[in-house]
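Structure, as structure tokens:
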Amino acid sequence: MSTKRWVSLLAGLGMVLLLGIAPEIFSAFMIQFLINLFMMAILAESWNLIGGFTGYASFGNAAFFGIGAYTTGVLLTRAAFPFAVALPAGGILAMLFGVAVGMPVLRLKGQYFAIATLGIGETMREVVYNMEITGAGTGLVMPILRTPLTFFYVMLAILAAATLVNWWVSESRFGYGLIAIREDEDAAAAMGINTPYYKTIAFALSAAFAGLAGGVYAYWITFIDPNAVFRMTTTIQMIIMAVFGGSGTVLGPLLGALVLSSVSELLATQLATLGELFYGLIIILVVLFMPKGLSDLIRQRVFSLKYFARNLREYRI
Amino acid sequence: MLILQVLINGILLGGLYGIMAMGMSLIYGVMRIVNITHGALIMLGAYITFWTFTLWGWDPFLSLPVTILLLFLYGYLLQRFILNLIVRAQMYLTLLITFGIEVVMVNLARILWSSDLRQVTPSYTAANFSVAGLTIPYVRLWVFVTTIMLSVLFLLLLERTRLGRAIRATAEELRAARLTGIPVGHVYAVTFGLGAALAGAAGAMWGMLFPMTPIMGRPLTLKSFVVAVLGGLGTMMGPIVGGVALGLAESFTSTFIGPTYPNAISFGLLVLILIFRPTGVLGRRER
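Protein sequence lines correspond, in order, to chains A and B.
Under our numbering, the first residue of the first sequence is numbered 70, with each subsequent residue one higher.
Under our numbering, the first residue of the second sequence is numbered 15, with each subsequent residue one higher.
See the structure below:
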């Protein structure tokens with residue numbers, strides 16, 4: 070590992086520490102904003118594991134978020150479990166679900182995988198909608214936690230873990246395996262990489278982090294219903310944050326989450342639909358002008374229109 | 015008798031699913047784009063019909079040509095000026111950009127037309143007739159007849175005309191088509207326009223049968239895809255077969271199992287088909 074890597078790792082740790090003392094400095098509103106930002110960054114990093122490094126663009130990751138939220142929610146309300154147990158349970162269940170659906174679905178390629186995951190996301194909402202234990206369509210009301218800073222620290226810790234896992238993937242033999250799968254799956258298999266195993270692990274890790282984020286979200290927001298946690302918008306957000314920042318990189322998704330959730334927060338205070346409209350427009354512009362993301366733009370160090378023009382020309386007919 | 019009635023309901027709805035999926039299958043077959051915008055195009059068709067009906071009192075069946083024409087133009091421009099710029103990129107990028115266009119369309123519709131439930135209700139909405147104890151609503155029957163007519167017209171266009179040959183040639187081999195002088199950018203745009211027109215027609219008729227909202231298209235995008243995959247993505251007769259199959263599956267399950275899981279069933283079906291027979295019932299092998 071190069072010195073540059075160590076420096077960025079130390080910088081990351083410093084950042085975490087700095088954010089750790091943030092509650093002393095910032096207002097309550099800012100804290101809420103940061104919690105949301107951390108959550109978005111976790112989701113972007115989680116999507117990055119399967120969509121960015123492995124090249125399997127999942128369009129149903131909101132399912133894992135929802136499963137985490139509901140598992141934690143049900144354990145907190147129906148069984149009065151402590152949060153410290155309910156939260157990991159949400160992550161673990163989401164992960165198991167990821168393994169269970171991943172094994173068949175990861176055999177599909179390209180657009181078939183994308184659509185199958187899209188279907189899973191929509192189906193999960195309907196299933197939860199019809200379940201007694203989840204409160205069906207009416208949703209679940211959580212107990213109120215008196216120390217809101219707990220969410221700040223827990224979210225931050227999960228984000229740090231998610232980033233570390235992404236960093237480990239970018240540096241390890243396992244991660245090189247995933248990248249090999251993304252570049253050419255048949256060649257990867259021929260080189261002796263156990264592709265089904267690698268893909269399933271990546272999918273499960275992705276699911277686990279999305280599930281953990283969902284678990285914290287449920288307790289933080291205090292009310293969940295199927296439409297709120299199994300939203301296609303959640304999936305859109307994770308994908309576009311990762312792609313905007315630079316999918317398949319460690320810091321790209323963080324950058325994407327930071328930029329996009331700040332702007333969309335500003336717009337959403339005007340009108341909720343504007344926030345979504347903005348995401349749609351950003352998706353279109355990013356795909357056309359900078360499909361490799363912000364991190365590529367920064368790495369190229371060419372801040373000229375030529376960069377965008379080249380991207381625009383690259384894939385046109 | 016009940017079984018026969020359920021069978022008829024399923025087939026009548028299946029025609030509509032078929033025409034929805036036809037557009038999706040065409041766009042995928044020619045350009046390899048998984049068109050997430052499809053449901054939003056269906057929504058647009060439904061709203062155009064609603065407004066021409068509400069504002070000017072146009073009969074929804076008679077306004078169909080207008081809806082089809084408008085959607086064709088919209089689809090043409092969308093492909094010509096946006097999607098053609100990205101059409102050769104990796105699948106997930108084309109999928110993502112149609113996703114983005116869908117989000118923009120849906121939210122513009124929300125702002126312009128609000129999220130209220132609306133429906134096109136001409137005077138004959140509830141009329142029906144009985145044959146041998148079976149009840150057949152006029153609207154559903156006419157919708158079915160119209161979908162069959164439209165799909166026949168569409169197939170004739172593809173099989174018998176110069177334009178159809180150009181589209182098929184472009185789908186077959188892009189470079190060779192370009193070398194023989196086919197304006198492929200234009201052909202791509204026409205193809206997308208045709209797909210959008212079919213979606214718009216489906217939306218116009220959907221609005222006569224069910225209430226519409228700006229987000230009505232999201233499950234319909236998935237359904238269109240299910241149907242297209244069921245019949246075989248990229249084939250032209252497949253969607254009709256797939257549409258009737260899905261219509262029957264939904265109508266039987268909602269009668270005999272319960273109406274709570276219609277979407278779950280179609281998506282469950284999708285995942286199973288994708289795993290066991292990814293080329294669909296009438297499909298050919300991936301190139």
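From the three backbone atoms N, C-alpha and C, an ideal C-beta is built for every residue, glycine too.
Next item on the list: Answer yes or no: does any C-beta atom of chain A fall closer than 8 Å to that of Leu107(B)?
Entry: Chain A contact via Cβ: present.
Checklist line | Listed by chain order, chain B residues near Thr207(A) by CB distance under 8 Å | finding: Neighbours of Thr207(A) on chain B: none; closest Cβ ~15 Å, over 8 Å.
Check: For Leu91(B) and chain A, any beta-carbon pair shorter than 8 Å?
Finding: No, because no Cβ of chain A sits closer than 8 Å to the Cβ of Leu91(B).
Margin query: Determine whether the beta carbon atoms of Leu236(B) and Ala263(B) lie at a separation below 8 Å.
Written below: no
Next item on the list: Can you tell me the Cβ-Cβ gap for Ala213(B) and Ile56(B), rounded? I've got them flagged as a contact below 8 Å.
Entry: 5 Å
Checklist line | Rounded separation between Gly160(A) and Ile202(A) - CA only | finding: 19 Å
Checklist line | Cα-Cα separation, Ala229(A) to Ala279(A) | finding: 14 Å
Notebook entry, point to check: Can you list, in chain order, the residues of the stretch 222-242 of chain B whose Cβ is nearer than 8 Å to any Cβ on chain A?
Noted result: Under the 8 Å Cβ criterion, the stretch 222-242 of chain B contributes Arg232, Pro233, Leu236, Phe239, Val240.
Note to self: I want to see whether chain B comes within less than 8 Å of Glu252(A), judged by CB atoms only; does it?
What the structure shows: no
Notebook entry, point to check: Under a CB-based cut-off of 8 Å, is Tyr202(B) close to chain A?
Noted result: yes
Margin query: Going by beta-carbon coordinates alone, are Leu223(B) and Arg154(B) separated by less than 8 Å?
Written below: Yes.
Margin query: Is there a C-beta anywhere in chain A that falls below 8 Å from the one on Ala278(B)?
Written below: yes
Checklist line | Sub-8 Å separation of Asn105(A) and Ser373(A) beta-carbons | finding: no
Margin query: According to DSSP, simplified to helix, strand and coil, what is Leu214(A)?
Written below: coil
Next item on the list: Please report how far the alpha carbon of Glu186(B) lies from the alpha carbon of Val44(B), in whole angstroms.
Entry: Glu186(B) and Val44(B): Cα-Cα distance of roughly 8 Å.
Notebook entry, point to check: Does Gln369(A) have its Cβ less than 8 Å from a Cβ in chain B?
Noted result: no
Next item on the list: Examine chain B for any beta-carbon lying closer than 8 Å to the beta-carbon of Glu345(A), and answer yes or no.
Entry: So yes, Glu345(A) belongs to the interface.
Next item on the list: List the residues of chain A whose Cβ lies closer than 8 Å to the Cβ of Ala103(B), in chain order.
Entry: Contact of Ala103(B) with chain A by beta-carbon distance below 8 Å involves Val356, Pro360, Glu383, Tyr384.
Item checked: Bridge-paired residues (DSSP) for Ile100(A) -> BP columns for Ile100(A) are empty, so no partner.
Notebook entry, point to check: Comparing the C-beta of Phe281(B) with each C-beta of chain A, is any distance below 8 Å?
Noted result: yes
Check: Which one or two residues does DSSP pair with Asn142(B) in a beta bridge?
Finding: Pro151(B)
Checklist line | Identified DSSP bridge partners for Met8(B) | finding: Here chain B comprises residues numbered 15 to 301, so residue 8(B) is not present and cannot be evaluated.
Note to self: Give me the residue from Gly81(A), Met109(A), Phe95(A), Met84(A) with the minimum Cα distance to Thr303(A).
What the structure shows: Met109(A)
Next item on the list: Between the Cα of Ala183(A) and those of Met105(B), Thr175(B), Thr149(B), Pro253(B), spot the shortest distance and give me the residue it belongs to.
Entry: Met105(B)
Check: Does the Cβ of Phe134(A) have 16 or more other Cβ atoms within 10 Å, making it buried, or fewer, making it exposed?
Finding: Around the C-beta of Phe134(A), 16 or more other C-beta atoms lie within 10 Å, and the residue is accordingly described as buried.
Notebook entry, point to check: For the candidate residues Leu209(A), Pro322(A), Asn130(A), whose alpha-carbon lies nearest to that of Val143(A)?
Noted result: Leu209(A)
Check: Is there contact between the stretch 189-198 of chain B and the stretch 83-93 of chain B, where contact requires at least three CB pairs shorter than 8 Å?
Finding: no
Next item on the list: Could you spell out the range, first to last residue, of the alpha helix (DSSP H) harbouring Val312(A)?
Entry: 301-314
Notebook entry, point to check: At what residue ranges does the stretch 242-305 of chain A contain a whole run of the alpha helix (DSSP H), taking only runs of 4 or more?
Noted result: 242-252, 254-259, 264-290, 295-298
Check: If Trp99(B) sits next to Arg385(A), beta carbons under 8 Å apart, how far is it from one beta carbon to the other, in whole angstroms?
Finding: Strictly speaking, residue 99(B) in this sequence is Leu, with Trp absent from that position. Your pair Leu99(B) and Arg385(A) checks out as a contact, with CB atoms roughly 5 Å apart and the cut at 8 Å.
Next item on the list: In angstroms with no decimal places, state the Cα-to-Cα distance between Asn130(A) and Ala297(A).
Entry: Annotation: Asn130(A) to Ala297(A) spans about 14 Å, alpha carbon to alpha carbon.
Check: What's the gap between the Cα of Phe313(A) and the Cα of Phe347(A)?
Finding: 13 Å
Margin query: Any contact between the stretch 76-85 of chain A and the stretch 264-272 of chain A? By contact I mean 3 or more CB pairs, one from each, below 8 Å.
Written below: no
Check: Under the three-state reduction of DSSP, which class applies to Leu209(A): helix, strand or coil?
Finding: strand
Item checked: Exposure of Pro74(B), with buried meaning 16 or more beta-carbon neighbours within 10 Å -> buried
Notebook entry, point to check: Mind checking if Arg176(A) is an interface residue toward chain B, Cβ cutoff 8 Å exclusive?
Noted result: yes
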